[in-house]
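Novice: Residues 1 to 110 (the UniProt record's numbering) make up the sequence shown, in order.
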Amino acid sequence: MLWDELARWETEHFMEQQLLKHRFDARWARDIGFVFASAPGLPIAQWRYCCWAAVRQGASVAQQKYAQDPALIREAIFEELKKRLRYLVSAGPALERVMNFEIETRHFQA
1 MLWDELARWE TEHFMEQQLL KHRFDARWAR DIGFVFASAP GLPIAQWRYC CWAAVRQGAS
61 VAQQKYAQDP ALIREAIFEE LKKRLRYLVS AGPALERVMN FEIETRHFQA
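1) Per DSSP, what kind of secondary structure is Asp31 in: helix, strand or coil?
2) Suppose the cutoff is 7 Å on Cβ atoms and the five residues either side in sequence are ignored; what does the same chain contact list for Ile77 look like?
3) Give me the Cα-Cα distance between Val35 and Lys82, rounded to the nearest whole angstrom.
4) Tell me which residue opens and which closes the alpha helix (DSSP H) that Pro70 is part of.
5) Note down the Cα distance separating Tyr49 from Ala37, rounded to an integer number of angstroms.
6) Who are the Cβ neighbours of Gln18 in its own chain at under 7 Å, not counting the five residues just before and after it?
7) Tell me the rounded alpha-carbon separation between Val89 and Arg30.
8) Just how far apart, CA to CA, sit Phe24 and Ala91?
9) Give the secondary structure of Leu19 by DSSP, where H, G and I count as helix, E and B as strand, and everything else as coil.
10) How is Asp4 classed by DSSP in three states: helix, strand or coil?
11) Residues in the same chain with beta-carbon distance under 7 Å from Gly33, minus the five sequence neighbours each way, listed in chain order, please.
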């Protein structure tokens, strides 16, 4: 489906930017392909969140003296990406209800 391809491209591009910001290998963004199908229909904003959090975890690991190995950093990023995706997919309906409640509350307060 065209929308899925565009969403994957946008997600991969965003992750590349995040990786470059932390001076990691931009090619690691291709790892998105291994997990993208596991969360069909996930909004791009949530994909961006997962990518941002995963790269941030990689940066944290890279700051630790024992973790200068790029393979360890890449694995930490990928594991964090999977962890965040599992949370978003499993919390899907509940998370959607919370978001709708927040939107309704803001609208009511305005």
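For each residue, glycine too, the CB sits at the ideal point set by N, CA and C.
Computed from a predicted model, the values in this text were never measured in an experiment.
Specialist: Concretely, from the data shown:
1) Residue mapping note: residue 31 aligns to position 31 of the sequence shown, counting from 1. Helix, per DSSP.
2) Against the sequence shown, residue 77 aligns to sequence position 77. Contacts found: Trp28, Ala54, Val55, Gln57, Gly58.
3) Position 35 of the sequence shown, counted from the first residue, corresponds to residue 35. Position 82 of the sequence shown, counted from the first residue, corresponds to residue 82. Each residue's Cα considered, the two are about 7 Å apart.
4) Looking up residue 70 in the sequence shown gives position 70. 70-90 is the span of the alpha helix (DSSP H), which, as asked, contains Pro70.
5) Numbered from its first residue, the sequence shown carries residue 49 at position 49. Numbered from its first residue, the sequence shown carries residue 37 at position 37. Their backbone Cα atoms lie some 17 Å apart in a straight line.
6) Within the sequence shown, the letter at position 18 stands for residue 18. Cys51, Trp52, Val55, listed in sequence order.
7) Here residue 89 corresponds to residue number 89 of the sequence shown, with the count starting at 1. Here residue 30 corresponds to residue number 30 of the sequence shown, with the count starting at 1. The straight-line gap from Cα to Cα measures roughly 21 Å.
8) If you number the sequence shown from 1, residue 24 lands on position 24. If you number the sequence shown from 1, residue 91 lands on position 91. Distance between the alpha carbons of Phe24 and Ala91: 30 Å.
9) Reading the sequence shown from its first residue, position 19 is the one you call residue 19. In this structure, Leu19 counts as helix in the three-state DSSP scheme.
10) Locating residue 4 in the sequence shown gives position 4, where the first residue counts as 1. Residue state, collapsed to three classes: helix.
11) The residue you call residue 33 lines up with position 33 of the sequence shown. Around Gly33: no qualifying Cβ.
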